[in-house]
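For the record, in the sequence shown the residue sitting at position 32 is 37 according to this note's numbering, with numbers rising by one throughout.
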Amino acid sequence: MIAKSPRLSCKFFAINQVSVPMLIEMHTIFNNYYENADLDTFILDMSKKSGVFVLKDLTNKRIVGFSTWTEIPITYKGEQAIGVFSGDTIVEEAYWGNKAMHTAFALQAVKTKLKNRGAKVFWLLISKGYKTFLLMTNNVPVHYPSINPDNQRNADLKEVVDTYCKALYPYAYDEKNQLLDFGDNYHALKSHVATISPSMRAENRNIQLFERLNPTWQRGTELPCVAEISLDCIVFFFKKLMFGRRKVRAEKFGKSLA
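Listed below in C-alpha cells is the structure:
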C-alpha cells in the first residue's frame with residue numbers, strides 16, 4: 006500500500022497579519038533546527054520582514070515550516086530594480102521535498118513581477134546551508150554564484166550581490182570572499198540538519214560549489230546569492246514543477262500495478 010502524502014497548504018501573510026500564536030509556533034520550529042535562536046531576536050528579525058510564507062499540515066492543522074520575504078529597492082547597471090529577499094527558511098524534516106512552499110514563492114514572485122513590469126526583479130538569497138543554496142540552483146537557470154562562471158549573464162549578477170550586501174549588511178560583508186559573517190552568536194544550523202556526506206559532495210557539483218565558497222558554513226556564515234526573476238525563469242519553474250508531478254504520478258501508478 007502506498008502511504009498517503011500529507012495534505013499541505015502554503016499561504017503568504019503580510020507581516021502585520023502574523024499573530025502572536027503563529028510567531029511562537031514558527032519559533033518552536035526554528036529553535037529545533039538552529040543554534041542561538043532566542044525568541045526576542047526571532048521576533049525582532051521577523052518584524053523587519055515584509056511577509057512570511059507559512060506551510061501548514063492540513064490534517065493536524067499545524068505549522069510545519071515557513072520562509073520570510075522582504076522587498077527592497079536596489080540598482081542594477083544604473084537602473085532602479087526590485088530585490089525580493091529570502092531570509093530564514095525552515096521546514097520540518099518529515100516534510101522535506103514537498104513543493105508547496107516553492108509554488109507559493111513562485112506565485113508571489115509572479116505578482117511582484119507583474120506589478121513592476123518596467124523594472125528588473127531579483128531574488129536575493131543568503132544561505133548558511135547547502136539545502137537553501139540548492140533551492141536557487143535547482144530551480145532558476147541563471148544565478149550567481151554558479152558552476153558556469155563564464156556565462157556572462159551569470160557573471161553580470163555579481164554586481165547585484167555586492168550592492169545588496171553592502172546596503173543591508175555593511176557590518177558583516179566580507180567583499181573579498183563574498184561572505185556574510187555575523188559573528189559567533191549568530192544562529193547557525195544544528196549539526197544534524199545539513200550534514201554534507203562524501204557521497205553527496207562527490208555526486209553534486211552545486212554542493213561542491215557551496216562548500217568551496219562557504220567553507221565556514223557550520224559556524225553560521227552566509228553565502229549571498231542572486232537570480233533574476235524573469236518571465237523565462239517563471240515559465241521554467243512551472244514546467245519543471247508540472248513535469249515532476251507527472252513523473253511522481255507515473256511512478257505511483259506503476260507501483261500500484263506491481
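Idealized CB from N, CA, C, for every residue including glycine.
Output needed for residue i: all residues of its chain with C-beta closer than 6 Å, excluding positions within five of it in sequence on either side, in chain order.
i: L129; result: G88, F90, Y169 and V231
i: K260; result: Low confidence applies here, because K260 scores a pLDDT of 40, under 50, leaving its location unreliable; read the following figure in that light. Cβ neighbours of K260 beyond the five flanking positions: none.
Quickly, what does DSSP pair residue i with across the bridge? List them, please.
i: C15; result: L60
i: P229; result: I131
i: S91; result: W74 and L130
i: I239; result: In the DSSP output, where bridge partners are listed per residue, I239 has none listed.
i: Y178; result: L185
Specify the secondary structure class of residue i as computed by DSSP and reduced to three states.
i: T75; result: strand
i: Q22; result: helix
i: V96; result: strand
i: E84; result: strand
i: A8; result: In this prediction, A8 scores a pLDDT of 48, lower than 50, which makes its location untrustworthy; the coordinate-derived value is nonetheless stated afterwards. In the structure shown, A8 sits in coil (DSSP, three-state: anything other than H, G, I, E or B).
i: I68; result: strand
i: K118; result: helix
i: K136; result: helix
i: K54; result: coil
Would you tell me roughly how many angstroms separate the C-alpha atoms of residue i and residue j, rounded to the nearest one?
i: T64; j: A207; result: 38 Å
i: K16; j: T46; result: 24 Å
i: Q22; j: F215; result: 35 Å
i: F127; j: S204; result: 33 Å
i: G225; j: F187; result: 8 Å
i: I234; j: M247; result: 19 Å
i: A172; j: K53; result: 15 Å
i: G123; j: I79; result: 14 Å
i: N37; j: G83; result: 43 Å
i: K125; j: T142; result: 19 Å
If you check the beta carbons only, do residue i and residue j fall under 8 Å apart?
i: A19; j: G56; result: yes
i: F298; j: D93; result: As shown, the chain starts at 6 and ends at 263. That puts residue 298 outside it, with no answer to give.
Among the residues of its own chain, which have a CB less than 7 Å from the CB of residue i, if the five just before and after it don't count?
i: F241; result: P146
For residue i, which residues in the same chain have their Cβ closer than 8 Å to its Cβ, ignoring the five residues on either side in sequence?
i: K245; result: N144
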